[in-house]
Every structure is written in structure tokens, then in C-alpha cells.
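Line order of the protein sequences matches chains A and B. Here our numbering is used: position 63 in the first sequence is 1284, and no number is missing along the way. Here our numbering is used: position 96 in the second sequence is 168, and no number is missing along the way. For glycine and all other residues, C-beta sits at the position ideal for the given N, C-alpha and C. What follows is a set of notes on a single structure, which appears directly below.
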Amino acid sequence: MSMDLGGIIGYISPPTIAVLFFVWIIRNPEKFLIWVSTLQRVYAWASKENQKKAISNEIEGKLNLYSKKVNSELGIDEILPYRAKINWIDDRETKINRESFVKGEHVVIKMSYHQSREMNLVLGALDYIFKGLVPRGRMYVNNKVMKSIDLKMTHRILNMSGSYSGIEYFLDDVLPPWLEDPEIESFYQKMQPIEERGFFVSVLLNEIIILGKLIPLGDEIRRKRAIAESKDFVLFLHDLVTRKKEGELCYVRKEIKVGIILIARQEKRLLFGKGPYLRRFERNIEEGCERIYIFAAGRNIPFAKEIVQDLEKSKEKAEKITERDTKFTTQAGGPARGYFSLFQIQP
Amino acid sequence: MDFLKSVIVWILKRILPPQRSGKQIIEAVHEDDIENLLQELGLLESLKNGDLRCESCKCLITKENIQSIFSYQGRIGFCCENIVCYEKLIEKTESE
């Protein structure tokens, strides 16, 4: 035992630690930036340049870390596809003048070192999310729906930061003015159960991304149709996550053609096995679904994975696009393990 | 040598996480540099004379309460520190 320990300690030499640390940095550049910004705060009093570095490293580090986490929920980089980068306008090589400023599209935000750090993060997050969330698909979504999605995502990002004062500032000052609009308020409230049950990123944002890919730029008829459907689709998802009974549901319109299969009732599983779910899948295809999502939770997850495996083998037209283990909130309010799989149906 | 190179590339590909290619720029100005920026834009005198107003709430813009400077439809606009005005600004520039 002592030999083993001695051997292990022998490996943990300073060069080994340095190499491991280097590997950690290149694998976690965002976390490293947040660390660096914390250190920079120690000597920020020394100069304005240090303050600027501390502010930008903190905001970039946090926004990029949390946006990466959000992207990982779907396994693609298309939810928040761009890295946030703070560009100090006076640090540019070519100095700005009135003419060049007016010609460009600029929104320059004042960042203050002395006021609350959370204020800077909230201002940065609003700018980043309102412009960068599902950038290709957002033009195909009803404006009020998209606003409620933006706000929900901003809230989510601030929750990830764990900053109580940032969340408080968002809930007390940022959110209420938007919620004065009854339609935004209504959609925002609907986002809560959709998010809690794990459908916010995996279904809603994914479908918006797909709209952005399927509808050609400039096709105004399809765009208007998608905008109308997006509103209706949120209502469909809300009904689905708030109802008590299990079941399959289809949402097949002109632009959004989705089937959702929830594997939730254990007694059904024990009595009838996989058959009903495989038949439902087939029926969803016949009804015109182009994508079919399969969701399961807790003890149903291994059973759901078996169904997915069977579908992969038996359905030639269905291609499994993604499969992920997730976390969500049960209707009783507790945390639970979840699972979803997405099939693309070939025409 | 080529073999060594390909081994290093293979290892790095497995160590390095995939990076997102695009950047979304958030333009910022330090609170102490506001006057310099306004000077470059030829608007410092207007600020001192009390000629600048918030695009949204029309309140008087001062060095202390300015939150954002933006270009909009060929002119320069300002936004005060009221978060509601800032949100309206984001909405306006986003919808363009």
C-alpha cells in the first residue's frame, strides 16, 4: 500500500502538475478566464486597464461557459452559436470618429467597475441573448413568443451564475417592464413548466433552429406561416406538459411537424411491453410527423432506450438524430433524471 | 517527423474541446472613458450643455446616468441608466 502511495506521489511531481494544469486550462478556457478575472480584481485598483480586463474576462468567461452548457443539452452549437467577446471601443486600432460610428451598427454599453458586478453581467447577458439566441431561427417565431424565450434564457443563464444579486436584479428590475405586456407575460409564464419538464431546449429551441434551416431566406409566405405556428406550438407544448395523463401527441401543421411520445406509465409497460409505443411511432409517421421525440423519466429510462434501439433497427425511414440524458423537474416539483431521443423521419 | 506531427495533432484533437467559430461582439466603454468617446464623436460639448436626451424616456443625459451610446438610422442616440430604456434600445436595434 505504502509502495503504491509512494508511486502515486512520485508521479505528482511539479512538472506533472504543470502539465495537468495546462491540459485543464485548454479544456476549460472559460473557467480559467473567470479565475483570472477574480485575480485581476485584486490589483484592479492599480489601473483602468486592469479594471477593463477584469470586467471583460468575467463577462466573457461566464457567458461562454453557460452558453456552452446550454448548447451541450442538445449536443449542437446552434442554440447560442457565437462566443461572447467584449470589444472595448477605445482599444481599437483605428480610432473611431463620428462618421464611421454613424455608418456602423453600434450599441456601446457603459461598463462600470465600481458599481455592482452583476449589473455588468446582466447588461452583457441581455445584449448577448437578445441578439444571439437561435439567430437563424428567431425570425420565424412570433415576436412576443421570442421575447419570452429570450427572457427565460437570460434568467436561466443568471441562475447558472449562482449570483443572487444578479438574479434579484433581473427579477425585480429587468423582467417586470416586459411582463407589462399581457401577451409576453402569458407566454413567459408558459415557459416555466415547459422548461421544468425538459422541453424548453430539447423541443422548443430545437424546432426553432430547424425552422431556420428549413425555410429559405426571403420566403415571406412560409415565414409568416411559421410565425403563426410558433405561437400555437408553445400552447401545444404547454398543454402537453401540464396535463395529468400520459399519451402521445402530434403537432402537424405546414411548417412544424412534430410527434412526442412520453413513456411514463409503468403499468402500461408491464402489461403491454414495447408494442403500443412502437405502434404509436408508426402512427405518428403516418400522420405526417417529420420529427418524433421520445421522452422518459426515472425508472422508465432503460425501457425507453430499448424502444429506441428497436426503432433504430426496424424503421428504415427513421434516423436517430440525437439521444441525451437530461434533468428536469417533476410535476410534484422535485428533480428527476430524464432522457430524450429525437428521430428524423425521411420523406 | 511527419508521424510525430500526426501523433501530436491526434492527441491535441482529443484534448482540445471543439471551439465555436463565430464571435458575438458586445461593444463596451469603461465609465472613465465616456468623455473621451463623446469627444471623438464630437458630442462632448452637447453633453456639457445639456443637449443630449435619452432616446426612450427623453430624460437629460449626463456623464453619470448615460448607459449606452448607439448608432441608429444614420444618427447617434443615447440611453439612460434606466434598465427599461436599455431594454427598449436592445429591442429596437435587434428588430432592425
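Which stretch, first to last residue, makes up the beta strand (DSSP E) that contains residue i?
{"i": "A/T1543", "result": "A1539 to T1550"}
{"i": "A/S1407", "result": "Taken as a continuous stretch (DSSP letters only), A/S1407 belongs to no beta strand (DSSP E), being part of the alpha helix (DSSP H) at P1403 to E1417."}
{"i": "B/I98", "result": "K95 to H102"}
{"i": "A/Y1498", "result": "That residue, A/Y1498, is in no beta strand (DSSP E); its alpha helix (DSSP H) goes G1496 to E1507."}
{"i": "B/S140", "result": "I138 to Y144"}
{"i": "A/Q1565", "result": "P1556 to I1566"}
{"i": "B/G149", "result": "R147 to C152"}
{"i": "A/Y1334", "result": "Element bounds for A/Y1334: n/a, residue is neither H nor E."}
{"i": "A/I1515", "result": "R1512 to A1518"}
How far does the alpha helix (DSSP H) with residue i in it extend, from its first residue to its last?
{"i": "A/A1449", "result": "E1441 to T1463"}
{"i": "A/V1479", "result": "No alpha helix (DSSP H) contains A/V1479, which is instead part of the beta strand (DSSP E) from K1478 to I1484."}
{"i": "A/H1376", "result": "N1364 to S1382"}
{"i": "A/Y1361", "result": "Careful: A/Y1361 lies outside any alpha helix (DSSP H) and carries neither H nor E."}
{"i": "A/F1420", "result": "Unbroken run through A/F1420: none, as it is neither H nor E."}
{"i": "B/I106", "result": "I106 to E112"}
{"i": "A/F1391", "result": "Run containing A/F1391: none; DSSP gives neither H nor E here."}
{"i": "A/I1522", "result": "I1522 to S1535"}
{"i": "A/I1429", "result": "N1427 to L1435"}
{"i": "B/E117", "result": "L116 to N121"}
{"i": "A/L1400", "result": "L1396 to L1400"}
Please report the straight-line C-alpha distance between residue i and residue j, rounded to a whole angstrom.
{"i": "A/I1297", "j": "A/Y1287", "result": "14 Å"}
{"i": "A/D1546", "j": "A/A1485", "result": "16 Å"}
{"i": "A/K1572", "j": "A/G1559", "result": "Because chain A is modelled from 1222 through 1568, residue 1572 of chain A falls outside the range shown and cannot be assessed."}
{"i": "B/G114", "j": "A/A1449", "result": "46 Å"}
{"i": "A/K1306", "j": "A/I1330", "result": "13 Å"}
{"i": "A/V1323", "j": "B/I141", "result": "11 Å"}
{"i": "A/E1476", "j": "B/I98", "result": "33 Å"}
{"i": "A/N1364", "j": "A/I1255", "result": "34 Å"}
{"i": "A/D1393", "j": "A/E1404", "result": "19 Å"}
{"i": "A/F1564", "j": "A/M1412", "result": "24 Å"}
{"i": "A/K1290", "j": "B/D123", "result": "45 Å"}
{"i": "B/I80", "j": "B/R86", "result": "10 Å"}
{"i": "B/F150", "j": "A/R1464", "result": "47 Å"}
{"i": "B/I133", "j": "B/E153", "result": "9 Å"}
{"i": "A/S1423", "j": "A/L1295", "result": "6 Å"}
{"i": "A/E1544", "j": "A/S1562", "result": "4 Å"}
{"i": "B/E163", "j": "A/Y1409", "result": "17 Å"}
{"i": "B/I148", "j": "A/R1359", "result": "27 Å"}
{"i": "A/F1493", "j": "B/R92", "result": "46 Å"}
{"i": "A/G1387", "j": "A/D1371", "result": "16 Å"}
{"i": "A/E1540", "j": "A/G1509", "result": "15 Å"}
{"i": "A/L1426", "j": "A/Y1472", "result": "15 Å"}
{"i": "A/F1309", "j": "B/Q139", "result": "Going by the sequence as given, residue 1309 of chain A is Trp instead of Phe. Each residue's alpha carbon lies about 15 Å from the other."}
{"i": "A/L1456", "j": "A/V1462", "result": "10 Å"}
{"i": "A/K1452", "j": "A/K1445", "result": "11 Å"}
{"i": "A/K1373", "j": "A/S1333", "result": "26 Å"}
{"i": "A/E1401", "j": "A/L1344", "result": "20 Å"}
{"i": "A/Y1385", "j": "B/A100", "result": "24 Å"}
Could you check if residue i is buried or exposed, using at least 16 other CB atoms within 10 Å of its CB as the buried criterion?
{"i": "A/I1447", "result": "As written in the sequence, residue 1447 of chain A is Ala, which differs from the Ile given in the question. It is buried - the Cβ of A/A1447 has at least 16 other Cβ atoms within 10 Å."}
{"i": "A/R1418", "result": "buried"}
{"i": "B/Y158", "result": "buried"}
{"i": "A/R1338", "result": "buried"}
{"i": "B/Q96", "result": "buried"}
{"i": "A/L1241", "result": "exposed"}
{"i": "A/V1362", "result": "buried"}
{"i": "A/P1302", "result": "buried"}
{"i": "A/K1273", "result": "buried"}
{"i": "A/H1459", "result": "buried"}
{"i": "A/G1480", "result": "buried"}
{"i": "A/H1327", "result": "buried"}
{"i": "A/R1319", "result": "exposed"}
{"i": "A/I1442", "result": "exposed"}
{"i": "A/F1391", "result": "buried"}
{"i": "B/L109", "result": "buried"}
{"i": "A/R1304", "result": "buried"}
{"i": "B/D104", "result": "exposed"}
Is the Cβ of residue i closer than 9 Å to any Cβ of chain E?
{"i": "B/D104", "result": "Any reference to chain E falls outside this structure, whose protein chains are A and B."}
Taking three-plus beta-carbon pairs below 8 Å as touching, is the segment 1236-1251 of chain A in contact with the segment 1265-1280 of chain A?
no
Residue ranges of each alpha helix (DSSP H) run of no fewer than 4 residues wholly in the segment 1240-1327 of chain A, ordered along the chain?
1250-1263, 1269-1293 and 1319-1324
Evaluate contact between the segment 111-131 of chain B and the segment 1330-1349 of chain A, counting only Cβ atoms and requiring at least three cross-stretch pairs below 8 Å.
no
Are the segment 1526-1534 of chain A and the segment 1493-1502 of chain A in contact at 8 Å, needing three or more beta carbon pairs?
yes
Would you call the segment 1374-1390 of chain A and the segment 126-138 of chain B touching, i.e. three or more CB-CB distances under 8 Å?
no
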